[in-house]
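**Student:** Take this structure, written in structure tokens, and hold onto it; I'll ask about it next.
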Amino acid sequence: MVIKGRGEDMRVERLASLILIMIGLGVLIYGAVHTNQSQVNLGLAGIFLGIIVFTFKTSEYVKRESLDNLVLPYVKMLQKIVRDLGLEGKAVYIPPYENLPEGWTFIPLHEEFDLDLGRLDEETVFLTNVGNERQMGLSIRPLGLDLLRKYEEHLEASLEGANYKEVESVSSSVLRALDLARGIYIEEQGKEFRIIVSPVNKEVCRKNIDYCDQIACPICSSILLSLAKATNEVIMSEKFSSGKHGIEIKAKKLGGIREWM
Numbered sequence: 115m116v117i118k119g120r121g122e123d124m125r126v127e128r129l130a131s132l133i134l135i136m137i138g139l140g141v142l143i144y145g146a147v148h149t150n151q152s153q154v155n156l157g158l159a160g161i162f163l164g165i166i167v168f169t170f171k172t173s174e175y176v177k178r179e180s181l182d183n184l185v186l187p188y189v190k191m192l193q194k195i196v197r198d199l200g201l202e203g204k205a206v207y208i209p210p211y212e213n214l215p216e217g218w219t220f221i222p223l224h225e226e227f228d229l230d231l232g233r234l235d236e237e238t239v240f241l242t243n244v245g246n247e248r249q250m251g252l253s254i255r256p257l258g259l260d261l262l263r264k265y266e267e268h269l270e271a272s273l274e275g276a277n278y279k280e281v282e283s284v285s286s287s288v289l290r291a292l293d294l295a296r297g298i299y300i301e302e303q304g305k306e307f308r309i310i311v312s313p314v315n316k317e318v319c320r321k322n323i324d325y326c327d328q329i330a331c332p333i334c335s336s337i338l339l340s341l342a343k344a345t346n347e348v349i350m351s352e353k354f355s356s357g358k359h360g361i362e363i364k365a366k367k368l369g370g371i372r373e374w375m
């Protein structure tokens with residue numbers, strides 16, 4: 115399957131490979147830091163699978179089911195890492211700024227947290243060298259970053275300063291073309307967003323929804339990260355639930371970069 119438009123083809127196999135390599139690197143780094151050989155091996159396997167998918171040269175592109183089967187185990191592994199670390203907070207999606215030019219994801223140690231963006235950068239994974247335990251947490255590259263890039267390629271513009279309806283429109287178009295979702299609906303309610311994602315494979319989402327508020331799949335992650343970039347505010351994923359029309363996400367705006375420096 116190929117998306118044709120805006121002068122370039124967007125192939126699902128490349129998206130799958132980038133996600134696999136990214137998650138593989140994350141698991142590899144975590145295993146190396148904690149001298150856990152099984153996680154090192156799992157990370158290497160993820161990177162290897164990503165490379166294999168990237169080098170497919172036949173006319174058969176990676177289908178939606180393949181993307182689910184390849185990516186889901188690594189999402190679940192990251193969710194297990196979060197549980198093992200005892201992280202209690204909901205994921206916060208950070209808009210781009212000097213330290214993190216593409217935005218980022220931070221999972222606080224506690225539900226009541228104090229985010230110190232001045233201490234975060236792309237090299238920091240575990241934020242522990244702080245004076246206040248409420249500032250501790252896990253800093254990871256967003257799983258939806260590559261999809262966000264696809265949205266901007268399709269839009270032929272940055273999402274910075276865009277309104278939420280533009281995020282809704284471009285994400286719906288790209289995800290439908292990739293056969294990953296049937297549509298996206300976003301509603302702004304004061305400081306909160308109500309987001310409905312209608313994934314093609316609803317059962318996979320329903321079975322794995324328990325920890326999405328900490329580690330979301332690339333689809334939901336990309337939408338939350340896009341909203342953070344568009345509003346230039348930190349966005350917290352408050353709740354994920356399964357409803358009649360798909361996966362419903364409640365997210366909250368927590369203020370701009372200056373408020374957390």
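The sequence shown runs 115 to 375 under this note's numbering. C-beta: ideal position from N, C-alpha, C; glycine also. Computed from a predicted model, the values in this text were never measured in an experiment.
1) CB-CB under 7 Å to residue 223, same chain, minus the five flanking residues each way: which ones, in chain order?
2) Tell me the rounded alpha-carbon separation between residue 322 and residue 289.
3) Using a 10 Å radius around the Cβ and a threshold of 16 neighbouring Cβ atoms, would you call residue 328 buried or exposed?
4) In three-state DSSP terms, what is residue 272?
5) Could you give the uninterrupted runs of the beta strand (DSSP E) lying entirely in the segment 311-363, keeping only those of 3 residues or more?
6) Between which two residues does the beta strand (DSSP E) carrying residue 296 extend?
7) Give the straight-line distance between the Cα atoms of residue 213 and residue 231, rounded to the nearest whole angstrom.
8) Taking residue 252 as part of the beta strand (DSSP E), name the residues at either end of that continuous run.
9) Does DSSP put residue 245 in a helix, in a strand, or in coil?
10) Under 8 Å, with one C-beta from each stretch per pair, do the segment 229-243 and the segment 284-304 reach the 3-pair mark?
11) Thinking C-alpha only, which one of 358, 362 and 340 is nearest residue 206?
12) Using the C-alpha atoms, what's the distance from residue 337 back to residue 262?
13) Could you give the DSSP three-state label for residue 368: helix, strand or coil?
14) Thinking C-beta only, is residue 367 closer than 8 Å to residue 279?
15) Which residues does DSSP pair with residue 306 in a beta bridge?
16) What would DSSP say about residue 265, mapped onto helix, strand or coil?
17) Pick helix, strand or coil for residue 171, following the three-state DSSP scheme.
18) Between 137, 209 and 236, which has its C-alpha nearest residue 272's C-alpha?
19) Assign residue 235 to buried or exposed, taking buried as 16 or more other Cβ atoms, counted over all protein chains shown, within 10 Å of its Cβ.
20) Residue 419 bridges to which residues according to DSSP?
21) On a Cα-Cα basis, can you pick out the residue from 227, 254 and 319 that is closest to residue 237?
22) Let me know the secondary structure DSSP gives residue 211 once reduced to three states.
23) Just curious, the beta strand (DSSP E) that residue 220 is in, first and last residue?
24) With DSSP as the reference, please indicate the residues paired to residue 206 in a beta bridge.
**Tutor:** With the given structure in hand:
1) As a first step, residue 223 must be located in the sequence shown, where it is residue number 109. These residues qualify, in order along the chain: 201, 202, 203, 247, 250 and 251.
2) As a working mapping, residue 322 is identified with position 208 in the sequence shown. As a working mapping, residue 289 is identified with position 175 in the sequence shown. Distance between the alpha carbons of residue 322 and residue 289 is about 20 Å.
3) Locating residue 328 in the sequence shown gives position 214, where the first residue counts as 1. When all chains shown are included, residue 328 counts as buried.
4) Taking the first residue of the sequence shown as position 1, residue 272 is located at position 158. The answer is coil: DSSP assigns residue 272 none of H, G, I, E or B.
5) 347-357
6) Counted from its first residue, the sequence shown places residue 296 at position 182. From DSSP, the beta strand (DSSP E) with residue 296 extends over 295-303.
7) Along the sequence shown, read from residue 1 onward, the residue named residue 213 stands at position 99. Along the sequence shown, read from residue 1 onward, the residue named residue 231 stands at position 117. About 8 Å.
8) Stepping through the sequence shown from its first residue, residue 252 is reached at position 138. Run containing residue 252: 251-254, per the beta strand (DSSP E) assignment.
9) Walking along the sequence shown from the start, residue 245 turns up at place 131. Correct three-state label for residue 245: coil.
10) no
11) Counting from one through the sequence shown, the residue named residue 206 turns up at place 92. With distances taken between Cα atoms, residue 206 lies closest to 340.
12) What you label residue 262 is simply residue 148 of the sequence shown in a count that begins at 1. What you label residue 337 is simply residue 223 of the sequence shown in a count that begins at 1. About 8 Å.
13) Mapped onto the sequence shown, residue 368 falls at position 254. Residue state, collapsed to three classes: strand.
14) What you label residue 279 is simply residue 165 of the sequence shown in a count that begins at 1. What you label residue 367 is simply residue 253 of the sequence shown in a count that begins at 1. In this structure, residue 367 does not lie closer than 8 Å to residue 279 by Cβ.
15) As a first step, residue 306 is located in the sequence shown; it is residue number 192 there, counting from the start. Residue 306 pairs with 303 and 366.
16) Position 151 of the sequence shown, counted from the first residue, corresponds to residue 265. Helix, per DSSP.
17) Walking along the sequence shown from the start, residue 171 turns up at place 57. Reliability of the predicted coordinates at residue 171 is poor, the pLDDT of 42 falling under 50, and no value is obtained from them.
18) Sequence index remark: in the sequence shown, residue 272 carries index 158 (1-based). Taking only the C-alpha atoms, the option nearest residue 272 is 209.
19) Position 121 of the sequence shown, counted from the start, is the residue given in the question as residue 235. Label assigned to residue 235: exposed.
20) With the chain covering 115 to 375 only, the question about residue 419 has no answer from this structure.
21) Here residue 237 refers to the residue found at position 123 of the sequence shown. The shortest C-alpha separation from residue 237 is found at 254.
22) Here residue 211 corresponds to residue number 97 of the sequence shown, with the count starting at 1. Correct three-state label for residue 211: coil.
23) Looking up residue 220 in the sequence shown gives position 106. Looking at the DSSP string, the run of the beta strand (DSSP E) that includes residue 220 is 218-222.
24) Here residue 206 refers to the residue found at position 92 when the sequence shown is read from its first residue. Answer is 220 and 350, bridged to residue 206.
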